[in-house]
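Residue numbers (our numbering): 40 to 180.
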């Protein structure tokens, strides 16, 4: 088995640990102003990378290494830029104008990371024979 699923899961574990600490901080301080950033970290960092790692472990074994590497790099760049930027913005520690470049790079990195993952899924679907031969419940028998 490729090492990539483990790499995705390791990153996901890191992000959920940071997310749990962030959540504990919000609970202890009774300050939930940064909750949207916390949610983005958990969903993009933990949930998305876990799903991607599961895909590469079960179905994406034949995905080209460059595509998996690109997927991983883009997603992590995006999470590492977006989550701290949201924290700084929502906690009003930095004005929005100074964070715009970080948001732009982070958001587009996440977008292209999801596009890379979609390309991996489509490549896997094509290798598996595409949609031909599939029967849907609403199709005539």
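Built from N, CA and C at the ideal position, the CB exists for glycine as well.
Quick one, which of 124, 102, 57 has its alpha-carbon nearest residue 137's? Of 124, 102, 57, the residue nearest in Cα terms is 124.
Contact under 8 Å by Cβ, residue 129 with residue 78: Result no, Cβ atoms of residue 129 and residue 78 do not sit closer than 8 Å.
Near residue 109, which residues of its chain fall below 6 Å by C-beta distance, leaving aside the five closest residues on each side in sequence? For residue 109, the CB contacts under 6 Å within the same chain, skipping 5 residues up- and downstream, are 155 in chain order.
My guess is that residue 145 and residue 121 are in contact by the Cβ rule of under 8 Å, so how many angstroms apart are they, rounded? About 4 Å; that satisfies the 8 Å criterion.
Please check the pair residue 80 and residue 105, which I expect to be a contact at CB under 8 Å, by giving their CB distance rounded to whole angstroms. With a beta-carbon spacing of about 27 Å, residue 80 and residue 105 fall beyond the 8 Å limit used to define contacts.
Using a threshold of 8 Å, state whether the C-beta atoms of residue 114 and residue 87 are closer than that. The answer is yes: Cβ separation under 8 Å.
Name the two residues that bound the continuous alpha helix (DSSP H) containing residue 100. No residue range can be given for residue 100, since it is assigned to no alpha helix (DSSP H) and is classified by DSSP as neither H nor E.
8 Å Cβ cutoff met for residue 118 and residue 159: For residue 118 and residue 159, no; Cβs fall outside 8 Å.
Can you give, in chain order, each stretch of the alpha helix (DSSP H) that sits fully within the stretch 95-150 and has at least 4 residues? The qualifying runs are 104-129.
Residue span of the alpha helix (DSSP H) that contains residue 76, given as start and end: Per DSSP, residue 76 belongs to the alpha helix (DSSP H) from 74-79.
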